[in-house]
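Report on the following structure.
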Amino acid sequence: MIAMPADSAADTMIDGSLARIRARAAPLGPGFAALGDAISRAARGGKRFRPALVTASFEAFRTEEGDSAAASSVAAAFELLHTAFVIHDDVIDHDTIRRGVPNVAGEFRQRGRSTGADATGAALLGDAAAILAGDLLLHEAFRLVAMADTDEARRERLFALLDDAVFVSAAGELADVENSVAADCAPREQIFEAAFNKTAVYSFRAPLQAGAVLADASPAALHVLGHAGGGLGLAFQLTDDLIGTFGTAGQAGRDGGGDLREAKRTPLVALAQDSGAAVRVDEALAHAHTGSVAVQRARTALEESGARTRLREIITETLDDVRRSSDDTALTPAAAVLLRTLADGIEARIP
Numbered sequence: 001m002i003a004m005p006a007d008s009a010a011d012t013m014i015d016g017s018l019a020r021i022r023a024r025a026a027p028l029g030p031g032f033a034a035l036g037d038a039i040s041r042a043a044r045g046g047k048r049f050r051p052a053l054v055t056a057s058f059e060a061f062r063t064e065e066g067d068s069a070a071a072s073s074v075a076a077a078f079e080l081l082h083t084a085f086v087i088h089d090d091v092i093d094h095d096t097i098r099r100g101v102p103n104v105a106g107e108f109r110q111r112g113r114s115t116g117a118d119a120t121g122a123a124l125l126g127d128a129a130a131i132l133a134g135d136l137l138l139h140e141a142f143r144l145v146a147m148a149d150t151d152e153a154r155r156e157r158l159f160a161l162l163d164d165a166v167f168v169s170a171a172g173e174l175a176d177v178e179n180s181v182a183a184d185c186a187p188r189e190q191i192f193e194a195a196f197n198k199t200a201v202y203s204f205r206a207p208l209q210a211g212a213v214l215a216d217a218s219p220a221a222l223h224v225l226g227h228a229g230g231g232l233g234l235a236f237q238l239t240d241d242l243i244g245t246f247g248t249a250g251q252a253g254r255d256g257g258g259d260l261r262e263a264k265r266t267p268l269v270a271l272a273q274d275s276g277a278a279v280r281v282d283e284a285l286a287h288a289h290t291g292s293v294a295v296q297r298a299r300t301a302l303e304e305s306g307a308r309t310r311l312r313e314i315i316t317e318t319l320d321d322v323r324r325s326s327d328d329t330a331l332t333p334a335a336a337v338l339l340r341t342l343a344d345g346i347e348a349r350i351p
């Protein structure tokens with residue numbers, strides 16, 4: 001992840017929201033109390049990159065000293081939104097472990113088994129708990145924006161950004177699943193669009209614009225941030241795709257080649273499909289789930305197809321476009337530096 005300064009005020013807001021969820025859940029039965037605790041655990045341990053973006057953008061455009069409580073509240077909202085998406089994504093992917101420990105679904109599967117449920121019942125309970133946990137966090141994210149100490153005009157613009165982030169991300173997630181279950185690989189443009197929608201808006205574009213809205217940035221500056229934020233988000237996701245295939249276990253946060261084992265239809269695979277080596281790549285990917293030797297063969301096939309080189313070129317071209325956007329006179333000098341710093345940080349992650 002890109003290194004960003006921590007925001008202790010946003011951390012305090014996040015902790016307060018999690019405490020509120022636990023307090024509201026406790027009187028509603030032992031199962032719901034356990035869910036409140038599981039939600040708190042799910043929100044711990046992350047890099048809290050998205051709230052840092054909100055704060056950094058706010059500081060980059062702020063022209064006078066003032067109360068930054070609203071920025072911290074909105075920053076916290078984006079972290080809870082991210083946690084909600086992660087929990088729901090784990091349900092979609094049937095994952096029960098995150099960061100080496102049971103996630104919400106995994107915890108409640110164990111809870112179900114402890115009460116005598118069979119495997120099907122335990123899985124049902126785990127998925128239900130995770131879906132509800134994500135729903136509660138989505139609610140809390142919107143509540144934080146609603147309660148932020150700002151005027152109604154800014155709040156309306158913030159809600160529009162959050163609304164767009166939720167809808168676009170949901171569209172990207174659904175498209176990603178549709179692409180993964182289809183008999184044939186979707187067209188390259190369709191797979192790239194899904195990759196953009198899943199991550200770029202809620203992780204980069206909306207947080208950057210939200211901070212700028214709270215600092216009264218101009219419409220022209222918000223437009224530049226929208227374009228540059230989208231580019232940063234796409235480059236970040238494409239870099240993650242490279243890491244998921246060619247990165248080390250340390251970079252990926254799990255066994256290397258995880259995307260290959262799961263036969264994900266990533267932009268990297270889409271580029272390989274457009275090459276003359278499509279048949280060989282398909283055969284290698286079909287066997288990648290069988291073990292480390294097969295994973296290495298799939299890596300080799302993708303490398304020799306030219307897909308890795310082409311994807312690196314696309315990432316570099318996208319980041320260069322962001323750097324050009326940073327020269328726009330609508331931005332403050334600090335905002336320009338922020339965009340270039342983010343571009344450099346993403347480029348440094350490319351395996």
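Numbering (the UniProt record's numbering), first residue to last: 1 to 351.
Virtual Cβ for every residue (Gly too), placed ideally from N, Cα, C.
Contact defined as beta carbons within less than 8 Å: I believe residue i pairs with residue j. What is the distance between those atoms, to the nearest angstrom?
| i | j | result |
| --- | --- | --- |
| glycine 247 | alanine 200 | No, glycine 247 and alanine 200 are not in contact; Cβ-Cβ is about 20 Å, not under 8 Å. |
| glycine 172 | phenylalanine 204 | 13 Å between Cβ atoms; not a contact. |
| serine 57 | proline 207 | 7 Å |
| threonine 245 | arginine 349 | Threonine 245 to arginine 349, Cβ: 14 Å. No contact. |
| arginine 62 | alanine 215 | 4 Å |
| alanine 123 | arginine 109 | 6 Å |
| alanine 133 | alanine 42 | 7 Å |
| alanine 52 | methionine 4 | 4 Å |
Grouping DSSP H, G and I as helix and E and B as strand, with all else coil, what is residue i?
| i | result |
| --- | --- |
| isoleucine 97 | strand |
| proline 351 | coil |
| proline 207 | helix |
| proline 102 | strand |
| residue 415 | Outside the shown range of the chain, which is 1 to 351, sits residue 415, and nothing can be said about it. |
| residue 396 | Missing from the structure shown is residue 396; the chain here goes from 1 to 351 and no further. |
| alanine 148 | coil |
| glutamate 283 | helix |
| arginine 5 | Residue identity check: residue 5 is proline in the sequence provided, not arginine. Three-state DSSP puts proline 5 in coil, outside helix and strand. |
| glycine 16 | helix |
| leucine 302 | helix |
| glutamate 64 | coil |
| aspartate 291 | At residue 291 the sequence reads glycine, which differs from the aspartate that was named. Note: glycine 291 maps to coil in three-state DSSP. |
| serine 180 | helix |
| threonine 83 | helix |
| proline 27 | helix |
| glycine 51 | The amino acid occupying residue 51 in the given sequence is proline; glycine does not appear at that position. Three-state result, proline 51: helix. |
| alanine 186 | coil |
Looking only at C-alpha atoms, which of the options sits nearest to residue i?
| i | options | result |
| --- | --- | --- |
| valine 54 | Pro351, Gly121, Val74, Leu174 | Val74 |
| serine 292 | Glu64, His227, Arg261, Arg48 | Arg261 |
| alanine 70 | Ala23, Ala228, Glu313, Asp7 | Asp7 |
| residue 360 | Ile346, Ala25, Val86, Pro51 | Outside the displayed range of the chain (1 to 351) lies residue 360, so it cannot be described from this structure. |
| leucine 174 | Ala183, Cys185, Leu161, Lys198 | Lys198 |
| aspartate 44 | His82, Leu28, Gly31, Arg24 | With the sequence shown as reference, residue 44 is identified as arginine, and aspartate is not the correct amino acid for it. Nearest of His82, Leu28, Gly31, Arg24 to arginine 44, Cα basis: His82. |
| alanine 301 | Asp320, Leu271, Asp163, Ala42 | Leu271 |
| serine 68 | Asp149, Gln273, Gly276 | Asp149 |
| threonine 115 | Ala298, Glu303, Gly31, Ala228 | Gly31 |
| glycine 16 | Leu338, Leu80, Gln296 | Leu80 |
| aspartate 93 | Val177, Glu193, Asp135 | Val177 |
| isoleucine 2 | Thr12, Ala33, Arg24, Lys47 | Lys47 |
Under a Cβ-count criterion, where at least 16 other Cβ atoms within 10 Å of its own Cβ denotes burial, should residue i be classed as buried or exposed?
| i | result |
| --- | --- |
| valine 181 | exposed |
| phenylalanine 286 | As written in the sequence, residue 286 is alanine, which differs from the phenylalanine given in the question. Alanine 286 should be labelled exposed. |
| phenylalanine 167 | exposed |
| serine 72 | buried |
| arginine 99 | exposed |
| valine 91 | buried |
| isoleucine 346 | buried |
| glycine 231 | buried |
I'd like to check one pair, residue j with residue i: are the Cβ atoms closer than 9 Å?
| i | j | result |
| --- | --- | --- |
| arginine 308 | leucine 268 | yes |
| isoleucine 14 | glycine 36 | no |
| phenylalanine 78 | tyrosine 202 | yes |
| glycine 126 | alanine 105 | yes |
| arginine 323 | arginine 340 | yes |
| alanine 38 | glutamate 107 | yes |
| histidine 289 | alanine 263 | yes |
| leucine 137 | alanine 84 | yes |
| leucine 225 | alanine 217 | yes |
| threonine 266 | isoleucine 314 | no |
| alanine 212 | alanine 336 | no |
| aspartate 274 | arginine 155 | no |
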